[in-house]
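Reviewing the structure listed below.
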Amino acid sequence: MDISLHFNPRHGNAFVVHLPLSKSQSNRALIINFLSKKSVTYKAISEAKDTSSLANILNLLPDIVDVGPAGTSFRFLVALLCVTPEHRIITGTERLRQRPIGPLVSALSAIGGQIKYLDRIGFAPLAIEGQASLEGGSLVLDSSQSSQFASALLMIGPVCKNGLELSFSKIPASQDFIELTLKMMANAGAKTYRHGQRIIVEAGSYGPGHLEIEKDWASASYFYALVALSNSNLEIFFPELLPDSNQPDRRTVEIFEMLGIETIPTSLGILVRRKTNQLPEFFSYDFSNCPDLVMGVAVVLAALNIPAELMGLHTLSLKESDRTKVLAAELSKFGKQVVNTNSSGLLLSGIFSCRANVRIQTYLDHRIAMAFAPLVVLTNSIIIEDADVVEKSFPSFWKEMSIFAELKYIT
Numbered sequence: 001m002d003i004s005l006h007f008n009p010r011h012g013n014a015f016v017v018h019l020p021l022s023k024s025q026s027n028r029a030l031i032i033n034f035l036s037k038k039s040v041t042y043k044a045i046s047e048a049k050d051t052s053s054l055a056n057i058l059n060l061l062p063d064i065v066d067v068g069p070a071g072t073s074f075r076f077l078v079a080l081l082c083v084t085p086e087h088r089i090i091t092g093t094e095r096l097r098q099r100p101i102g103p104l105v106s107a108l109s110a111i112g113g114q115i116k117y118l119d120r121i122g123f124a125p126l127a128i129e130g131q132a133s134l135e136g137g138s139l140v141l142d143s144s145q146s147s148q149f150a151s152a153l154l155m156i157g158p159v160c161k162n163g164l165e166l167s168f169s170k171i172p173a174s175q176d177f178i179e180l181t182l183k184m185m186a187n188a189g190a191k192t193y194r195h196g197q198r199i200i201v202e203a204g205s206y207g208p209g210h211l212e213i214e215k216d217w218a219s220a221s222y223f224y225a226l227v228a229l230s231n232s233n234l235e236i237f238f239p240e241l242l243p244d245s246n247q248p249d250r251r252t253v254e255i256f257e258m259l260g261i262e263t264i265p266t267s268l269g270i271l272v273r274r275k276t277n278q279l280p281e282f283f284s285y286d287f288s289n290c291p292d293l294v295m296g297v298a299v300v301l302a303a304l305n306i307p308a309e310l311m312g313l314h315t316l317s318l319k320e321s322d323r324t325k326v327l328a329a330e331l332s333k334f335g336k337q338v339v340n341t342n343s344s345g346l347l348l349s350g351i352f353s354c355r356a357n358v359r360i361q362t363y364l365d366h367r368i369a370m371a372f373a374p375l376v377v378l379t380n381s382i383i384i385e386d387a388d389v390v391e392k393s394f395p396s397f398w399k400e401m402s403i404f405a406e407l408k409y410i411t
């Protein structure tokens, strides 16, 4: 279903936006809860479709595990199913079957995992002969394509007979997400130690413990974008959003500060508003540790006609869509140029053409829909195709957007 948005904010300039719980934290909490035999608990988790699907899979453990488009669930479950007795097949959508899994499979095989490729080597579907435990021990991992390869291995570390000593053959992608995993593991009772690019997980068990799931910073970034694009004194308050979060996407604060937006922590949440109208003549930032922020920030920079170099993007082509190509295709509809500088960088140039009713193709990628929706502030109207893709991470996104724009569903 497509959605047509027409900018029409409700009375006033101060608004409250309710964010979902962190999908990244929720997915890790579900895996740890399962591995701890429920001794590690959580009060609430994200209502994201990816998270609900993962919870359902862990509850049922079917013979054929279909993760749909959920890359995080796929990687985490490949490791978890290796330490869960019985034979299972794991697969997903066509796009998921194009996303690499080879480095994780090789690493799991090296510590006793029994995994077979059922089609192309290095990709789903996989057949896994689950065991009660793996040997564990020392291994070297290439986690340059996804930090989730490392997180998947680390989370099963405590249930491996000899624990786990993990080293990296290349600099891992999104290292802060590995740190997020380690912090959640520690909060769940696991004993972990990091020495540079070497991580040790002691054999033992999780729990008892309790994990708190925070409001999601990546979701907040799209409403920061609204403030950045607005010509009025727009203020948005996010209840319960934590300024000292360990989510890598908390970098939203420093990125949008460079664009004149200030973040004011309060006892009840965070207030966001414009501090200055002065914009940078050139914007440069390394998104290695927060790749999920790239699309939203790139759209804001393009709309504000700020020349920019975005770096650390080598994993973007491996996401739900090839986001480097998608960004170029959709921004070209507004007269912007996106040029690849190398395998991990983009340059933004050209003059933004403020066109109404432009149709944005989402390529079944939730972050495309949410990144382009804030443009309605400037264009007054925009059409987002396959708008329900946002359910993957932020099911109530359009409800929150309805504070700022009239929504019309197009069938």
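404 is the number that the numbering used here gives to position 404 of the sequence shown; each next residue is one higher, with no gaps. Idealized CB from N, CA, C, for every residue including glycine. Small disclaimer: the values here were computed from a predicted structure and weren't measured.
### Task
Return the CA-CA distance between Met258 and Lys336, expressed in angstroms with no decimal places.
21 Å
### Query
Beta-carbon separation of Val377 and Phe7 under 7 Å?
yes
### Query
Distance, Cα to Cα, Pro85 vs Gly130?
4 Å
### Message
Among Asn246, Gly71 and Ile178, whose alpha-carbon lies nearest the alpha-carbon of Asp216?
### Response
Asn246
### Query
Excluding five sequence neighbours on each side, which residues of the same chain lie with their C-beta closer than 6 Å to the C-beta of Ser353?
Phe334 and Gly335
### Task
Using the DSSP secondary-structure output, state which residues sit across from Ala389 in a beta bridge.
The amino acid occupying residue 389 in the given sequence is Val; Ala does not appear at that position. BP columns for Val389 are empty, so no partner.
### Query
Rounded to a whole number of angstroms, what is the C-alpha to C-alpha distance between Gly137 and Phe404?
53 Å
### Message
According to DSSP, is Asn342 part of a helix, a strand, or is it coil?
### Response
strand
### Message
Per DSSP, what are the beta-bridge partners of Phe238 in this structure?
### Response
Ile270
### Query
Who are the Cβ neighbours of Ser36 in its own chain at under 6 Å, not counting the five residues just before and after it?
Tyr206 and Gly207
### Query
Whose CA, out of Pro265, Leu234 and Asn289, lies closest to the CA of Asp249?
Asn289
### Query
Which residues in the same chain as Gly122 place their Cβ atom closer than 8 Å to its Cβ, once the five residues preceding and following it in sequence are excluded?
Pro100, Ile101, Gly102 and Val105
### Query
Thinking C-alpha only, which one of Leu182, Pro374 and Lys408 is nearest Leu234?
Pro374
### Message
Taking the beta carbon of Gly269 as the centre, do at least 16 other beta carbons fall within 10 Å, making it buried, or is it exposed?
### Response
buried
### Query
Who does Met457 pair with in a DSSP beta bridge?
Absent from the structure is residue 457, since the part of the chain shown begins at 1 and ends at 411.
### Query
Who are the near neighbours of Lys325 in its chain, counting only those whose CB is closer than 7 Å to its CB and skipping five residues on each side?
none
### Task
Sort Lys319, Glu400 and Ile90 by Cα distance to Arg367 and report the nearest one.
Lys319
### Task
Return the bridge partner residues of Gly209 from the DSSP annotation.
Val40
### Query
Any idea if Leu458 is buried or exposed, counting beta-carbon neighbours within 10 angstroms, 16 or more meaning buried?
Outside the shown range of the chain (1 to 411) lies residue 458, about which nothing can therefore be said.
### Task
Pull up the DSSP beta-bridge partners for Gly137, would you.
Leu164
### Residue from Leu310, Ser317, Ala356 and Arg355 with nearest C-alpha to Val338
Leu310
### Query
Cα separation between Ala190 and Ala218?
27 Å
### Query
Can you tell me whether DSSP reads Ile255 as helix, strand or coil?
helix
### Task
Please report the residue range of the alpha helix (DSSP H) in which Val67 lies.
Run containing Val67: none; DSSP gives neither H nor E here.
### 8 Å contact criterion, which Pro20 and Ala48 should meet: CB distance rounded
6 Å
#### Entry: Backbone CA spacing between Glu385 and Ile45 [nearest angstrom]
28 Å
### Message
Please give the ranges of any beta strand (DSSP E) in the stretch 66-115, keeping only runs that are unbroken, at least 3 residues long and fully inside the region.
### Response
86-91
### Query
So what does DSSP say about Pro158, is it helix, strand or coil?
helix
### Message
Quick check on the burial criterion: 16 or more other C-beta atoms within 10 angstroms. Buried or exposed for Tyr409?
### Response
exposed
### Query
With a CB to CB cut of under 6 Å and the five nearest residues on each side skipped, what residues in its chain are close to Ser144?
Lys170 and Ala173
### Task
Please state if the CB of Val83 and the CB of Phe74 are separated by a distance shorter than 7 Å.
no
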